[in-house]
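Okay, structure first, notes after.
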Amino acid sequence: MKILVLNSGSSSLKYQLFDMTDESVLAKGLVERIGLEGSLLTHRPANKEKQVINTDIPDHTTAIQLVLDALTNPDYGVISSMDEIGAVGHRIVHGGSVFTETTIINDEVVAEIEKLIPLAPLHNPPGIAGIKACRSILPNVPQVAVFDTAFHQSMPEVSYIYGLPYEYFEKYGIRRYGFHGTSHRYVSHRAAEILGEPLEDLKMITCHLGNGSSIAAIDKGKVMDTTMGFTPLEGLMMGTRSGNVDPAIISFIMEKENLTIKEVDELLNKKSGFLGVSGVSSDLRNVEEAASEGNYHAQLAIDMFYQKIVRFIGAFVAEINGIDVLVFTAGIGENSPQMREAVCDKLEFLCLFIDKEKNKFRGEEREISRPGSKVKVFVIPTNEELMIARDTATLVK
4 MKILVLNSGS
14 SSLKYQLFDM
24 TDESVLAKGL
34 VERIGLEGSL
44 LTHRPANKEK
54 QVINTDIPDH
64 TTAIQLVLDA
74 LTNPDYGVIS
84 SMDEIGAVGH
94 RIVHGGSVFT
104 ETTIINDEVV
114 AEIEKLIPLA
124 PLHNPPGIAG
134 IKACRSILPN
144 VPQVAVFDTA
154 FHQSMPEVSY
164 IYGLPYEYFE
174 KYGIRRYGFH
184 GTSHRYVSHR
194 AAEILGEPLE
204 DLKMITCHLG
214 NGSSIAAIDK
224 GKVMDTTMGF
234 TPLEGLMMGT
244 RSGNVDPAII
254 SFIMEKENLT
264 IKEVDELLNK
274 KSGFLGVSGV
284 SSDLRNVEEA
294 ASEGNYHAQL
304 AIDMFYQKIV
314 RFIGAFVAEI
324 NGIDVLVFTA
334 GIGENSPQMR
344 EAVCDKLEFL
354 CLFIDKEKNK
364 FRGEEREISR
374 PGSKVKVFVI
384 PTNEELMIAR
394 DTATLVK
């Protein structure tokens, strides 16, 4: 079976086509600037030259048709016809409390996802657009929705209810949902696979650390807690997101700076984090470079990030009463030896010890704990697209 995986953004569309007989990627690519001037498709077929197609792409239907045309092109395509596509898996950011697992898409499912737009006004609409476009172009091909929030739906109520009047949860669905669930699920399953042990027998902390970052506490294969909340703003300090702040700061800044709700929302989501503290960049690599040149605020941003990772790991270990495995993944988790070393040095009280020579690498799957460490420490590159393809294939079969 060949599975097409789509990740629809407001003006972009990422895709990968998998051959599930061996889980190989036949092609992948990116449509950029949908509905804008200068739109283009970058198509990367396996074992063939990259193709860049500059053309007018007014909407997601046109974008998906362009992708299908590229996949079936006689010169740079990888399949002979669209009939070879057995199913399409869609990444949907927010499934609310409604969707706790991967779901076959029908009219009722689309309607429920539309009802969740107030919880994810930036992310769910393009996902819905991708679904509708695919259903119109490929009406006989099964469509599957894989939700970023689904893996976290095992959290107990004590972990997801806020200390607000309970009626706001009942009326508006205000609760902690968590995000990056597909990534946390992939790396937790992969860690158990490497160890040759059932996931249900392990206490695990998974750290998805990138421009957006979250940590999950997994016990017996179920998420017990996670750092992101009602939105991806909660939790760790990130590239441009503040992470946890005293809520009273918001009204204080609004009054002092004469900001609107929209402006303060942009401040917390787009102008804070590494960018706001360092004054240099939202990219940790640039912040690390500035710190190495003596930039005080850059070093402060790094130290704050590390400290908050340690804080959440420590809290989650206490919450699930132990830890067998610690996993680092995503852009920073996979590519920053400095971060991994700094965090693990603070966790030696758990009898967690890493081999600092083995840790000096980027972007590979590797165990970095040393013999005698009671906690296994892994770096596992995340693969959300493969997880979506697996879910889709399993459900369709």
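Its first residue numbered 4, the sequence shown is counted upward by one per residue in the working numbering.
Cβ coordinates follow ideal geometry from the N, Cα and C atoms, glycine included.
Computed from a predicted model, the values in this text were never measured in an experiment.
Is it the case that the Cβ atoms of H63 and A132 are separated by a distance below 7 angstroms?
Looking up residue 63 in the sequence shown gives position 60. Looking up residue 132 in the sequence shown gives position 129. Contact: yes.
Measuring straight from C-alpha to C-alpha, what distance separates F331 and P61?
Locating residue 331 in the sequence shown gives position 328, counting from the first residue. Locating residue 61 in the sequence shown gives position 58, counting from the first residue. One C-alpha to the other measures close to 39 angstroms.
For S186 versus H155, is the C-beta spacing smaller than 7 angstroms?
Your numbering for residue 186 matches position 183 in the sequence shown. Your numbering for residue 155 matches position 152 in the sequence shown. Taking 7 angstroms as the Cβ cut-off, S186 and H155 do not qualify as a contacting pair.
How is E367 classed by DSSP in three states: helix, strand or coil?
Within the sequence shown, numbered from 1, the residue matching residue 367 stands at position 364. Coil, per DSSP.
So does the region 222-236 actually touch the region 156-166, counting three or more Cβ pairs closer than 8 angstroms?
yes
Measure how close the beta-carbons of A194 and I312 come, nearest whole angstrom, since I'm counting them as under 8 angstroms.
As a working mapping, residue 194 is identified with position 191 in the sequence shown. As a working mapping, residue 312 is identified with position 309 in the sequence shown. With 8 angstroms as the limit, A194 and I312 do not qualify as a contact, their Cβ atoms being about 18 angstroms apart.
So what does DSSP say about R393, is it helix, strand or coil?
For the purposes of this step, residue 393 is taken as residue 390 along the sequence shown, with counting starting at 1. Helix, per DSSP.
Three-state secondary structure (DSSP) of A301:
The residue given as residue 301 occupies position 298 in the sequence shown. Helix, per DSSP.
Inspect the beta-carbon positions of L239 and S216 and report whether they are closer than 7 angstroms.
Reading the sequence shown from its first residue, position 236 is the one you call residue 239. Reading the sequence shown from its first residue, position 213 is the one you call residue 216. Result yes, Cβ atoms of L239 and S216 sit closer than 7 angstroms.
Quick one: using the 10 Å Cβ neighbour count with 16 as the cut-off for buried, is V55 buried or exposed?
Looking up residue 55 in the sequence shown gives position 52. Burial call: exposed.
Residues that A219 bridges to, as DSSP identifies them
Against the sequence shown, residue 219 aligns to sequence position 216. DSSP, once it has assigned bridges, lists T209, T229 as partnering A219.
Check whether the region 100-113 touches the region 141-161, counting contact only when three or more Cβ pairs, one atom from each stretch, lie closer than 8 angstroms.
yes
Below 7 angstroms CB to CB, which residues in the same chain sit around K17 once its five sequence neighbours on both sides are set aside?
If you number the sequence shown from 1, residue 17 lands on position 14. Closer than 7 angstroms at Cβ, skipping near neighbours: N10, L33.
Confirm, please, whether the CB-CB distance from I208 to L329 is below 7 angstroms.
Taking the sequence shown and counting its residues from 1, the one referred to as residue 329 is at position 326. Taking the sequence shown and counting its residues from 1, the one referred to as residue 208 is at position 205. Yes. Within cutoff.
Classify C354 as buried or exposed, calling it buried when 16 or more other Cβ atoms lie within 10 Å of its own Cβ.
The residue given as residue 354 occupies position 351 in the sequence shown. The residue in question, C354, is exposed, as its Cβ has fewer than 16 Cβ neighbours within 10 Å.
Tell me, please, which residues DSSP counts as bridged to M22.
By 1-based counting over the sequence shown, the position of residue 22 is 19. The displayed chain sequence assigns Asp, not Met, to residue 22. Paired residue(s): K5, S27.
Close beta carbons around H126, own chain, < 6 angstroms, minus the five adjacent residues each side:
Numbered from 1 along the sequence shown, position 123 holds the residue referred to as residue 126. Hits under 6 angstroms: V96.
So V91 and L29 are supposed to be a Cβ contact under 8 angstroms. How far apart are they, rounded?
As a working note, residue 91 is residue 88 in the sequence shown. As a working note, residue 29 is residue 26 in the sequence shown. Actually they are not in contact, since the Cβ atoms of V91 and L29 sit about 14 angstroms apart, beyond 8 angstroms.
How many angstroms separate the CA atom of L287 from the CA atom of T395?
The sequence position of residue 287 within the sequence shown is 284, counting from 1. The sequence position of residue 395 within the sequence shown is 392, counting from 1. Between L287 and T395, the C-alpha separation is close to 34 angstroms.
For G242 and E291, the rounded distance between their alpha carbons:
Here residue 291 corresponds to residue number 288 of the sequence shown, with the count starting at 1. Here residue 242 corresponds to residue number 239 of the sequence shown, with the count starting at 1. Near 13 angstroms, if we compare the C-alpha coordinates of G242 and E291.
Cα separation between K379 and H93?
Start at 1 with the first residue of the sequence shown, and residue 379 comes out as number 376. Start at 1 with the first residue of the sequence shown, and residue 93 comes out as number 90. Approximately 33 angstroms, taken between the alpha carbons.
From the DSSP output, which residues share a beta bridge with P48?
Position 45 of the sequence shown, counted from the start, is the residue given in the question as residue 48. Answer by DSSP bridge pairing, in chain order: A30.
Residue range of the alpha helix (DSSP H) that includes T65:
Position 62 of the sequence shown, counting from 1, holds the residue named residue 65. 63-74 is the span of the alpha helix (DSSP H), which, as asked, contains T65.
DSSP has A90 in a bridge; who is on the other side?
Walking along the sequence shown from the start, residue 90 turns up at place 87. BP columns for A90 point to I6.
Spell out the partners DSSP gives S100 in its beta bridges.
Taking the first residue of the sequence shown as position 1, residue 100 is located at position 97. Answer is none; S100 lacks a bridge partner.
For the region 293-304 and the region 263-283, state whether three or more C-beta atom pairs, one from each stretch, are separated by less than 8 angstroms.
yes
In chain order, what are the residue ranges of uninterrupted alpha helix (DSSP H) at least 4 long that sit wholly in the region 252-302?
264-273, 276-281, 287-295
Kindly indicate if chain C contains any beta-carbon less than 7 angstroms away from that of N386.
Note that chain C does not occur in the displayed structure, where there is just one protein chain.
Assigned secondary structure, S11 (DSSP; H/G/I helix, E/B strand, else coil):
Reading the sequence shown from its first residue, position 8 is the one you call residue 11. Three-state DSSP puts S11 in a strand.
Consult DSSP for T106 and reduce its assignment to one of helix, strand or coil.
As a first step, residue 106 is located in the sequence shown; it is residue number 103 there, counting from the start. T106 falls in the strand class under three-state DSSP.
What whole-angstrom Cβ distance do G98 and L119 have, given they're in contact under 8 angstroms?
Stepping through the sequence shown from its first residue, residue 98 is reached at position 95. Stepping through the sequence shown from its first residue, residue 119 is reached at position 116. About 7 angstroms separates the two Cβ atoms, so the contact holds.
Between E370, I82, S14, which has its C-alpha nearest D59's C-alpha?
As a working mapping, residue 59 is identified with position 56 in the sequence shown. The shortest C-alpha separation from D59 is found at S14.
My parser needs the alpha helix (DSSP H) runs of 4 or more residues fully inside the region 106-148; what are they?
110-118, 127-140
Determine the closest residue to I82 out of F21, N109, H300, V144, with distance taken between C-alpha atoms.
The count along the sequence shown starts at 1 and reaches residue 82 at position 79. If we check each option's Cα against that of I82, F21 comes out closest.
Just reading off the alpha helix (DSSP H) that I56 is part of, what are its end residues?
Reading the sequence shown from its first residue, position 53 is the one you call residue 56. From DSSP, I56 is part of no alpha helix (DSSP H) but of the beta strand (DSSP E) over 54-57.
Whole-angstrom C-beta distance between E344 and N362, which should lie under 8 angstroms:
One-based indexing of the sequence shown puts residue 362 at position 359. One-based indexing of the sequence shown puts residue 344 at position 341. Yes, they are in contact, since the Cβ atoms of N362 and E344 sit about 6 angstroms apart, within 8 angstroms.
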